[in-house]
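To start, the structure itself, in structure tokens.
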Amino acid sequence: MTEESAGGIAKKFLYVNRRAPYGSIYGLESLEVVLIGAAFEQDVSLAFLGDGVFQLTKGQDTKGLEVKNFSPTFRALEDYDVTKLYVEKEALEARGLSAADLVVPVEVVSAQRMAEIMEAQDVILSF
Amino acid sequence: MLHTVNKSPFEHRALETCLKFARQGAAVLLIEDGVYAAARDTAVAEQVQEALKTVSIYALKPDVEARGMQNRVMDGVRLVDYGGFVDLVVEHNAVQSWL
Amino acid sequence: MPIEVSGKTIETDEEGYLADRADWNEDVAKEMARLDSCDLSENHWEVINFLREYYDEYQIAPAVRVLTKAIGKKLGADKGNSKYLYELFPYGPAKQACKYAGLPKPTGCV
Numbered sequence: 002m003t004e005e006s007a008g009g010i011a012k013k014f015l016y017v018n019r020r021a022p023y024g025s026i027y028g029l030e031s032l033e034v035v036l037i038g039a040a041f042e043q044d045v046s047l048a049f050l051g052d053g054v055f056q057l058t059k060g061q062d063t064k065g066l067e068v069k070n071f072s073p074t075f076r077a078l079e080d081y082d083v084t085k086l087y088v089e090k091e092a093l094e095a096r097g098l099s100a101a102d103l104v105v106p107v108e109v110v111s112a113q114r115m116a117e118i119m120e121a122q123d124v125i126l127s128f
Numbered sequence: 208m209l210h211t212v213n214k215s216p217f218e219h220r221a222l223e224t225c226l227k228f229a230r231q232g233a234a235v236l237l238i239e240d241g242v243y244a245a246a247r248d249t250a251v252a253e254q255v256q257e258a259l260k261t262v263s264i265y266a267l268k269p270d271v272e273a274r275g276m277q278n279r280v281m282d283g284v285r286l287v288d289y290g291g292f293v294d295l296v297v298e299h300n301a302v303q304s305w306l
Numbered sequence: 059m060p061i062e063v064s065g066k067t068i069e070t071d072e073e074g075y076l077a078d079r080a081d082w083n084e085d086v087a088k089e090m091a092r093l094d095s096c097d098l099s100e101n102h103w104e105v106i107n108f109l110r111e112y113y114d115e116y117q118i119a120p121a122v123r124v125l126t127k128a129i130g131k132k133l134g135a136d137k138g139n140s141k142y143l144y145e146l147f148p149y150g151p152a153k154q155a156c157k158y159a160g161l162p163k164p165t166g167c168v
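This is how it looks when you write it as structure tokens:
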């Protein structure tokens, strides 16, 4: 599960996002942790389950709420070499969404495949 | 009676419980993550459409826009701004918050 | 710690970052640089403007590694390296340039 890299041992980190973006602080905090963690050059993946898929939807406009719209930041993840984003297929479908409704390219996976991805990690952080 | 629901219908049962107790002519205002219930073509859309036959359903516009849902709100659900929220509170004899 | 720019008092935090991003203009950047005894050249402005555009697009101030790579992509390899950026911004390219650009301290910087 681990491999040697130039800077030491790179572990496989999975950040699991289960909450909608603005009803709580979890989504924003998770993204902050991902960005901070990315500096350590680990093997990072993000998973979006349940209401977590709402974090990625296009067209978010938070001016009326006067809070930060953090959905554009997902598009910067590529600069941080974070490119593995997995989205639960059933969650998207139950919410009337498809991959085309999301701000970044993702891999849409079944719950079974998602379970396999989780199984392959060294560290899982859930938000 | 004005009912407010602030939880996502996909993760909580607040809306379902609210609709069970909302009587004919009542108003239901969806706020915060509750606004996700106003979207078309979801797993809960049918339940909301059924409720629209007997109650008025509103969704708070700033919460709808923050979540990028402005183009996915189902017919029959009316959008209100903060002023409209206040009007609804004033118009009804009591407010029940389904937290 | 407030700073004075063209007769106006502008709030900053204890490290000198703007309290309100909307207060930014070029004179604010120049005054912040002056307080650090730094004279802003074309090359400084290139990085400052790049950071402002990056923030508008992604809503974050990039980490230094990301900044270096992105500058290289946009302005060429002779500018997309730590040596060049540290010569311009000796207090740390991300930290110091973000301050002059009116942005928050980059995420992950302590």
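Protein sequence lines, in the order shown, are assigned to chains A, B and C.
Numbers 2 to 128, taken from my numbering, label the letters of the first sequence in order.
Numbers 208 to 306, taken from my numbering, label the letters of the second sequence in order.
Numbers 59 to 168, taken from my numbering, label the letters of the third sequence in order.
Glycine included, each C-beta is placed from N, C-alpha and C at the ideal position.
None of the values given here were measured: they were computed from a predicted structure.
Contact set for residue i: own chain, Cβ-Cβ below 7 Å, skip 5 residues either direction
| i | result |
| --- | --- |
| C/Leu-146 | Asn-101, His-102, Val-105 |
| A/Gly-60 | none |
| C/Asp-85 | Val-63, Ser-64 |
| C/Ser-67 | Looking at the sequence shown, residue 67 of chain C is not Ser but Thr. The answer, listed in chain order, is Pro-60. |
| B/Ala-233 | Met-208, His-210, Val-262 |
Sub-8 Å separation of residue i and residue j beta-carbons
| i | j | result |
| --- | --- | --- |
| A/Lys-13 | A/Gln-122 | yes |
| B/Leu-237 | B/Tyr-265 | yes |
| A/Met-35 | A/Tyr-16 | One detail in the question is off: residue 35 of chain A reads as Val in this sequence, not Met. Cβ distance < 8 Å, so A/Val-35 and A/Tyr-16 count as in contact. |
| C/Ile-118 | C/Thr-70 | no |
| B/Glu-298 | A/Asp-62 | no |
| C/Ala-152 | C/Leu-133 | no |
| B/Arg-279 | A/Gly-53 | no |
| A/Leu-50 | A/Ala-92 | yes |
| B/Ala-245 | B/Val-284 | yes |
| A/Val-105 | A/Lys-90 | no |
| A/Tyr-81 | A/Val-107 | no |
| C/Tyr-142 | C/Asp-136 | yes |
| B/Lys-268 | B/Gly-241 | no |
| A/Phe-128 | B/Tyr-243 | no |
| A/Leu-103 | A/Leu-57 | yes |
| A/Ala-95 | B/Phe-217 | yes |
| A/Met-115 | A/Ala-48 | yes |
Neighbour list for residue i in chain A, Cβ cutoff strictly below 8 Å
| i | result |
| --- | --- |
| B/Gly-275 | Thr-58, Lys-59, Gly-60, Gln-61, Asp-62, Ser-72 |
| C/Ala-128 | Asp-80 |
| C/Ala-39 | Nothing about residue 39 of chain C can be reported from this structure: the residues present for chain C run from 59 to 168 only. |
| B/Arg-220 | Ordered by position in chain A, no residue passes the 8 Å Cβ test against B/Arg-220, which lies about 14 Å from the chain. |
| B/Tyr-243 | Ala-21, Asp-52, Phe-55, Arg-96 |
| C/Val-124 | Ala-77, Asp-80, Tyr-81 |
Contact list for residue i against chain C, beta-carbon separation under 8 Å
| i | result |
| --- | --- |
| A/Leu-126 | In chain order: nothing, as chain C lies at least about 16 Å away. |
| A/Lys-143 | Absent from the structure is residue 143 of chain A, since the part of chain A shown begins at 2 and ends at 128. |
Beta-carbon contacts of residue i that lie in its chain and below 6 Å, excluding the five residues immediately before and after
| i | result |
| --- | --- |
| A/Ala-77 | none |
| C/Arg-79 | Gly-160 |
| B/Arg-247 | Arg-279, Met-281 |
| A/Gln-43 | Ala-11, Lys-12, Phe-14 |
Buried versus exposed call for residue i [16 or more other C-beta atoms within 10 Å across all chains shown]
| i | result |
| --- | --- |
| B/Arg-220 | exposed |
| B/Lys-260 | exposed |
| A/Ile-26 | exposed |
| A/Ser-72 | buried |
| A/Glu-120 | exposed |
| B/Arg-274 | buried |
| B/Ser-304 | exposed |
| B/Asn-300 | exposed |
| B/Gln-231 | exposed |
| A/Ser-46 | buried |
| B/Val-235 | buried |
| C/Asp-114 | exposed |
| A/Thr-74 | buried |
| A/Met-2 | Caution applies to A/Met-2, whose pLDDT of 43 falls short of 50 and renders its modelled position unreliable; the value that the coordinates give is listed next. That one is exposed. |
| B/Phe-228 | exposed |
| B/Leu-226 | buried |
| B/Asp-270 | buried |
Within chain B, the residues that residue i reaches when beta carbons sit closer than 8 Å
| i | result |
| --- | --- |
| A/Ala-101 | Per Cβ cutoff of 8 Å: no residues; A/Ala-101 is ~13 Å from chain B at best. |
| A/Pro-106 | Simply none; closest approach about 17 Å. |
Closer than 7 Å at the beta carbon, the chain A residues around residue i
| i | result |
| --- | --- |
| C/Thr-165 | Glu-33, Leu-36, Ile-37 |
| B/Asp-282 | Simply none; closest approach about 14 Å. |
| B/Arg-285 | Per Cβ cutoff of 7 Å: no residues; B/Arg-285 is ~16 Å from chain A at best. |
Same chain only: Cβ atoms within 8 Å of residue i, ignoring 5 sequence neighbours per side
| i | result |
| --- | --- |
| B/Val-296 | Leu-209, Val-302 |
| C/Ile-87 | One detail in the question is off: residue 87 of chain C reads as Ala in this sequence, not Ile. Within the same chain, C/Ala-87 has close Cβ partners Leu-98, Ile-106, Tyr-158, Ala-159, Gly-160. |
| C/Cys-156 | Tyr-75, Leu-109, Ala-119, Pro-162, Lys-163, Pro-164 |
| C/Ala-128 | Phe-108, Tyr-112, Pro-120, Gly-138 |
| C/Lys-131 | Gly-138 |
| B/Ala-252 | Ala-246, Met-281 |
| C/Tyr-149 | Asp-94 |
| A/Leu-126 | Phe-14, Leu-15, Tyr-16, Val-17, Ser-31, Val-34 |
| B/Leu-286 | Tyr-265, Ala-266, Leu-267, Lys-268, Val-271, Val-280 |
| A/Lys-69 | Leu-29, Thr-63 |
Partner residues on chain B for residue i, Cβ-Cβ distance less than 9 Å
| i | result |
| --- | --- |
| A/Asp-123 | Near A/Asp-123 there are no residues of chain B at all, since even the closest Cβ is about 28 Å away, more than 9 Å. |
Chain A contact residues for residue i, given Cβ-Cβ distances below 9 Å
| i | result |
| --- | --- |
| B/Ala-250 | Glu-94, Ala-95, Arg-96, Gly-97 |
| B/Ser-215 | Arg-20, Ala-21, Gly-24, Gly-51, Asp-52, Phe-55 |
| B/Asn-278 | Gly-60 |
Residues that residue i contacts on chain C, provided the C-beta gap is smaller than 9 Å
| i | result |
| --- | --- |
| A/Ala-11 | By Cβ distance, chain C contributes nothing, its closest Cβ being about 15 Å from A/Ala-11, past 9 Å. |
| A/Arg-76 | Glu-115, Tyr-116 |
Where residue i meets chain B, residues with beta-carbon distance less than 7 Å
| i | result |
| --- | --- |
| A/Gly-65 | Lys-268, Pro-269, Glu-272, Ala-273 |
*Only counting runs of 4 or more residues, tell me where the alpha helix (DSSP H) segments fall wholly within the segment 80-113 of chain A, in order along the chain.*
Counting only unbroken stretches of 4 or more residues, the alpha helix (DSSP H) elements lying wholly within the segment 80-113 of chain A are 90-95, in sequence order.
_Entirely enclosed beta strand (DSSP E) segments - the segment 6-46 of chain A, minimum 3 residues_ = For the segment 6-46 of chain A, whole beta strand (DSSP E) runs of length 3 or above, ordered along the chain, are 9-11, 13-18.
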